[in-house]
Amino acid sequence: MKAWLSQPLIRFLFIGALLFAVDAVRNPVRPIEDATIDVGPAQIDWMVGNWTAQFGRTPSKAELQTIIDTWIVDEMRYREALALKLDRDDEIVRRRLVQKHEFLFSPETVIKEPDEAALRTHFDANRDKFKSNWAVSFCHIYFEIGSDRQRAFQLAKSASERLAHRAADDGLVRTLGDEFPHNNCYKNETENNIRRDFGDHFTQALNQIEIANWVGPVESGLGFHIVWISGRNQPEQLEFDVARPNVRADWMDQQQSAALNVQLGRLRARYRPTVNEAAIMDALKRGDELGRKHAPDVERNRGED
Amino acid sequence: MNSKALAIAILGVVISITPAIGQTSNENTRALFGDLHLHTAYSFDAFTFKTTATPDDAYKFAKGAAMRHPAGGTVQLKRPLDFLAVTDHSEYMGVMRAMADPNSPLSRVPIAARVTNPDAAVSLGAFFEMARAMRNQKVADVLGDDSVWRAVVNDAWNNVIATANRHYVPGKFTTFIAYEWTSTPDGRHMHRNVIYRGDSAPPPFTAQDSQDPEDLWNFIESQRRKGNYALVIPHNSNLSDGLAYSENDYKGQKITADYARRRSFYERVAEITQIKGTSETHPSLSPTDEFANFEIVDLIRSSGIKVQNFGGSYLRDALRRGLVMYENEGTNPYKYGFIGSSDSHTGMSPVEENNYFGGSGVTDGDPQTRLDCKYCNGGDTRKNGSAGLAAVWAKENTREAIFDALARRESYATSGPRILIRFFAGYDYDGVQPGKSDWVAAGYRRGVPMGGELPVSRNGQSPTFLVWAAKDAESANLDRIQVIKVWTKSGQSFEKVFDVALSGGRKVDPKTGKAPSVGNSVDVIDATYKNNIGATVLTARWRDPEFDAGINAAYYARAIEIPTPRWSTYDAARTKRTMVPSLPATIQERAFTSPIWYDVPPQP
């Protein structure tokens, strides 16, 4: 094979063919359907307007001529690029067109109000969706962090030890801790409201804590807490009358996604996608390696302008 | 009775803009956080920034859903909002979207091709041209026949109403029917949002109908008589070049008593901070306020005008001007409470500093583009702040409760974090200690909350101010609470900043009148900070040492966080790039309460 390639004549033919191919790309002899490029008054007005907005003054005639020339060259390149199908497999072009299509053809009809029967039917068919929220009832003793985090933690820890196995309303409770900015006790409180007052970490921790005992220290965005949980309501199915607003909202959402599905269905009917199953398994195995290939190659560059 | 006389009659009898009159028991108020200024693809400018989100998407996002960003990727709020008003520009509402629709006659107007051009630089140019046409009342030149685009606007408006009503969940998530009235005389912002209280609203009164705010109030007044209550909320006064809080009206005439009454009746609160800058005060107006230089923007992007007149552009100055007018004429047009909001043009509120995704679609949507200032023609978008929040003290999360809190100005602004702050003033607060049990009930019963008016002092007694602030559980500790006092004497106005609560046992130096700095725990390279300085809660009982019972004054409180990284610092760390030297690496986020006024009626 190698010997064959080293033959001068073959080399010559190969290089010749390559040059020809490059030339064909660079100087395509293709008939152009519409060779006119019109630069009309609207276009020129826009160029002047855009320039003026950017630079705060009207362009000179020479500057405008340059803008027009550049625009014409761009337009020629743009048309050539389209003819050569350079827009294919270009992620930026693709994303933009997808966005435009989605935007233009997404169903956005004003959905009519459902009647009572529709709501009932929807409720009956989706009972599992309409449950009471997760809710928790608890009291807590708060220890402000202040300037000494370790000290606050120690105070909370020793308080927790002293409170072990004591009752929720033990006389000791009132003597411990600092003034909390929000409430000391919460009754059937929702997750969002607890997160608002205590932050993420504490809210998650509440799910893990044993019931009917003083437990802590548990950390929040505000300090340390000793917590007594009196009850945790797991979500339960709601009565129709209580759930009505949620049923209505869900019904509306469903109508909208149904409309979207109709549209996607029409789209799917026009295409026959095939996916290479073997490639899926293979690529998943090599995830790390593939990830490294795609990572942006940026130098850490600091302290310079 | 003509409409003006009727309005005065109504004002005389009913001093509230809401139908819920005389409800004064507010002991169980809680803070709700939301955004009353957000644009979607229905806004002509947002569309040219390649925003595709509709009002429906915006409400879903505010409730906690993930959404695709026009610049790519998916974003989601770590904590959902309690309320949201989608406020698309009423001018051209939905029109740009129609331009992208080949079936609409609007797709054939000459500018349509540029509006829908995939290159953001081109569509941004089209936006500038549309904005110019609107400013100069030459809409017909770009859009052609009125009837075509007006029909599109009506469709869009009906959708705005239906969507707001569909997403309203009383008690949990509140929506408002709303829009932006985009008056921009000579390129200077006189923008206002109109927020309705109920579940229906007439087609918008737009800046194409009139650029004069008095005409807007006339319209709101006529709606009020039909039971459609609305508030008008000015914003971006920092970009008004002195027009927003001028001594003159839109026509250039000196403000009359009638004008002042109408303005303070329909405009109860103003945005003091949002993406396009903070409008509290400018360093040149408040040279002794060491915290004045906060997220200042002074270039108007849509018109390229550099602000020259800072007086009349900022709210502290407006409070001062209002007091002077009250002293002279007995009426105060500038009795504004405060809110923050986003003014984001992506359908998504970027309120989290460490989760900033820009406000103008693809033109500032990703860190590279933002830091490179790729689309900064018109104005440097790196100076934009991450969005603010509107906070209200309301009894419940409903349209009525939130609207009424705004109407009584029991609202405050934050620059993003959910800082809690309460502020009361009264003459009977002996033994009331902020933070101790039942102090809030006593605060309401024996005095007035933020936004209120103190009765005239008897026997020269000095009022006591109660202020309490708690850090956001997910944000930084508090550095201090300040009370800002503005007052007038003999037609002159003054201002002074008092440090009333300082973390870490610091004291104000009596010689300089300043407190030592709280320090700075920010690691700029990694964009992290430690909460090992500052306080969780700060409180104060404060008396004005210079109180004079014969002098008009207004007081508002400002709670300030310890320094944390600015969004641009998070961006630089995330993309492993150098920070932009002209931008501050750290900021001190803050909350601004609505003022409490002390008015001395002029002697006849």
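Chains as they are written, first to last, in my numbering: chain A, 1 to 305; chain B, 1 to 604.
Cβ atoms here follow ideal geometry from the backbone N, Cα and C, with glycine treated the same way.
Following the continuous beta strand (DSSP E) through residue 563(B), name the residue where it begins and the one where it ends. Taking the second sequence and counting its residues from 1, the one referred to as residue 563(B) is at position 563. In the DSSP assignment, residue 563(B) falls outside any beta strand (DSSP E), carrying neither H nor E.
My understanding is that residue 250(A) touches residue 129(A), with C-beta atoms under 8 Å, so please give their C-beta distance in whole angstroms. For the purposes of this step, residue 250(A) is taken as the residue at position 250 of the first sequence. For the purposes of this step, residue 129(A) is taken as the residue at position 129 of the first sequence. Contact between residue 250(A) and residue 129(A) holds: CB atoms are separated by about 6 Å, below the 8 Å threshold.
Using the beta-carbon count (16 or more within 10 Å), is residue 65(B) buried or exposed? For the purposes of this step, residue 65(B) is taken as the residue at position 65 of the second sequence. Flag for residue 65(B) reads exposed.
Helix, strand or coil for residue 123(B), going by three-state DSSP, please let me know. Here residue 123(B) corresponds to residue number 123 of the second sequence, with the count starting at 1. Correct three-state label for residue 123(B): helix.
Of the residues 360(B), 361(B), 346(B), 342(B), the one placed nearest residue 352(B), counting alpha carbons only: The residue labelled residue 352(B) in the question sits at position 352 within the second sequence. When C-alpha distances from residue 352(B) are compared across 360(B), 361(B), 346(B), 342(B), the shortest belongs to 342(B).
At which residue ranges does the stretch 238-302 of chain B contain complete beta strand (DSSP E) runs of 3 or more residues, listed in the order of the chain? Qualifying beta strand (DSSP E) stretches, in chain order: 269-274.
Going along chain A, which residues have a C-beta under 8 Å from residue 536(B)? Counting from one through the second sequence, the residue named residue 536(B) turns up at place 536. Residues of chain A passing the Cβ test: 144, 145, 146, 181, 222, 223.
Quick check: residue 518(B) and residue 562(B), are their CB atoms within less than 8 Å of each other? As a position in the second sequence, residue 518(B) is number 518, starting the count at 1. As a position in the second sequence, residue 562(B) is number 562, starting the count at 1. Against a cut-off of 8 Å, the Cβ pair of residue 562(B) and residue 518(B) comes out as a contact.
Counting pairs of Cβ atoms below 8 Å between the stretch 491-502 of chain B and the stretch 570-579 of chain B, do you hit three or more? Look at the beta carbons and you see the stretch 491-502 of chain B not touching the stretch 570-579 of chain B: under three pairs across the two are nearer than 8 Å.
Based on the DSSP secondary-structure assignment, which residues constitute the bridge partners of residue 489(B)? Counting from 1 along the second sequence, the entry for residue 489(B) is found at position 489. The partner list for residue 489(B) (beta bridge, DSSP) reads 492(B).
With a cut-off of 8 Å, does the C-beta of residue 252(A) fall near any C-beta of chain B? The sequence position of residue 252(A) within the first sequence is 252, counting from 1. Residue 252(A) belongs to the set of residues whose beta carbon lies under 8 Å from a beta carbon in chain B.
With DSSP collapsed to three states, give me the class of residue 147(B). For the purposes of this step, residue 147(B) is taken as the residue at position 147 of the second sequence. In this structure, DSSP gives residue 147(B) a helical state, which the three-state scheme calls helix.
Under the rule that 16 or more other beta-carbon atoms within 10 Å means buried, what is residue 134(B), buried or exposed? The residue you call residue 134(B) lines up with position 134 of the second sequence. With 16 or more other Cβ atoms inside 10 Å of its own Cβ, residue 134(B) counts as buried.
Residue 240(B) burial status per 10 Å Cβ neighbour count (16 or more: buried): The count along the second sequence starts at 1 and reaches residue 240(B) at position 240. Buried, because 16 or more other Cβ atoms sit within 10 Å of the Cβ of residue 240(B).
Excluding the five sequence neighbours on either side, which residues of its own chain have a C-beta within less than 7 Å of the C-beta of residue 318(B), listed in chain order? As a position in the second sequence, residue 318(B) is number 318, starting the count at 1. Short of 7 Å from the beta carbon of residue 318(B), and not among the five residues preceding or following it, lie these beta carbons of its own chain, in chain order: 245, 334, 336.
Rounded separation between residue 188(A) and residue 135(A) - CA only: By 1-based counting over the first sequence, the position of residue 188(A) is 188. By 1-based counting over the first sequence, the position of residue 135(A) is 135. Residue 135(A) has its alpha-carbon roughly 5 Å from the corresponding atom of residue 188(A).
Cβ contact (3+ pairs, closer than 8 Å) linking the stretch 117-125 of chain B and the stretch 432-439 of chain B: Taking a cut-off of 8 Å on C-beta distances, the stretch 117-125 of chain B does not touch the stretch 432-439 of chain B, as fewer than three cross pairs fall below it.
Is residue 425(B) near residue 447(B), with beta carbons less than 8 Å apart? Within the second sequence, residue 425(B) is the residue found at index 425, counting from 1. Within the second sequence, residue 447(B) is the residue found at index 447, counting from 1. In this structure, residue 425(B) sits near residue 447(B), with a CB-CB distance shorter than 8 Å.
Check the Cβ of residue 114(B) against every Cβ in chain A and list those closer than 7 Å, keeping chain order. Sequence index remark: in the second sequence, residue 114(B) carries index 114 (1-based). Think of a sphere of 7 Å around the beta carbon of residue 114(B): the chain A residues whose beta carbon falls inside it are 46, in chain order.
Excluding the 5 residues preceding and the 5 following residue 58(A) in the sequence, name in chain order all residues of the same chain whose CB lies nearer than 8 Å to its CB. As a first step, residue 58(A) is located in the first sequence; it is residue number 58 there, counting from the start. Here residue 58(A) has 48, 51, 52 as same chain residues with Cβ atoms under 8 Å from its own Cβ, once five neighbours each way along the sequence are excluded.
Between the C-alpha atoms of residue 513(B) and residue 288(B), what's the straight-line distance to the nearest angstrom? The residue given as residue 513(B) occupies position 513 in the second sequence. The residue given as residue 288(B) occupies position 288 in the second sequence. Going by the C-alpha atoms only, they are around 10 Å apart.
Checking contacts by CB at 8 Å: is residue 340(B) closer than that to chain A? Along the second sequence, one-based indexing puts residue 340(B) at 340. Cβ-Cβ to chain A under 8 Å: no for residue 340(B).
Give me the Cβ distance between residue 605(B) and residue 86(B), rounded to the nearest whole Å; I'm assuming they're in contact under 8 Å. Absent from the structure is residue 605(B), since the part of chain B shown begins at 1 and ends at 604.
By DSSP, does residue 629(B) sit in helix, in strand, or in coil? Examination of residue 629(B) is not possible in this model, given that chain B is present from 1 through 604 alone.
Alpha-carbon to alpha-carbon, residue 393(B) and residue 595(B): Taking the second sequence and counting its residues from 1, the one referred to as residue 595(B) is at position 595. Taking the second sequence and counting its residues from 1, the one referred to as residue 393(B) is at position 393. For residue 595(B) and residue 393(B), the gap between their C-alpha atoms comes out near 14 Å.
Could you pull the start and end residues of the beta strand (DSSP E) that residue 190(A) belongs to? As a first step, residue 190(A) must be located in the first sequence, where it is residue number 190. Residue 190(A) -> beta strand (DSSP E) spans 185-190.
Would you tell me roughly how many angstroms separate the C-alpha atoms of residue 184(A) and residue 173(A), rounded to the nearest one? Indexing the first sequence from 1 puts residue 184(A) at position 184. Indexing the first sequence from 1 puts residue 173(A) at position 173. Taking the straight line joining both Cα atoms gives about 11 Å.
Let me see if you follow: with CB-CB separation under 8 Å, is residue 192(A) close to chain C or not? Of the chains in the structure shown, none is chain C; the protein chains are A and B.
The ligand SAM and residue 504(B): does the residue's C-beta get closer than 7 Å to at least one heavy atom of that ligand? With respect to small molecules bound, the structure shown includes none, and the ligand SAM cannot be examined in it.
Bridge partners of residue 234(B), per DSSP? Numbered from its first residue, the second sequence carries residue 234(B) at position 234. Looking at the DSSP assignment, residue 234(B) forms a beta bridge with 192(B).
Closer than 8 Å at the beta carbon, the chain B residues around residue 118(A): For the purposes of this step, residue 118(A) is taken as the residue at position 118 of the first sequence. Neighbours of residue 118(A) on chain B: none; closest Cβ ~15 Å, over 8 Å.
What does residue 42(A) touch in chain B if you count any residue whose Cβ is under 7 Å from its own? By one-based count along the first sequence, residue 42(A) stands at place 42. Result: 110.
On a Cα-Cα basis, can you pick out the residue from 257(A), 286(A), 246(A), 260(A) that is closest to residue 127(A)? Here residue 127(A) corresponds to residue number 127 of the first sequence, with the count starting at 1. Measuring from the Cα of residue 127(A), the nearest candidate turns out to be 246(A).
Beta-carbon spacing of residue 601(B), residue 330(B) below 8 Å: Counted from its first residue, the second sequence places residue 601(B) at position 601. Counted from its first residue, the second sequence places residue 330(B) at position 330. Taking 8 Å as the Cβ cut-off, residue 601(B) and residue 330(B) qualify as a contacting pair.
Under a three-way DSSP split, which group does residue 44(A) fall into? The residue you call residue 44(A) lines up with position 44 of the first sequence. It is helical.
Quick check: what's the CA-CA separation for residue 98(B) versus residue 213(B)? Translated into positions along the second sequence, residue 98(B) becomes position 98. Translated into positions along the second sequence, residue 213(B) becomes position 213. Distance between the alpha carbons of residue 98(B) and residue 213(B): 29 Å.
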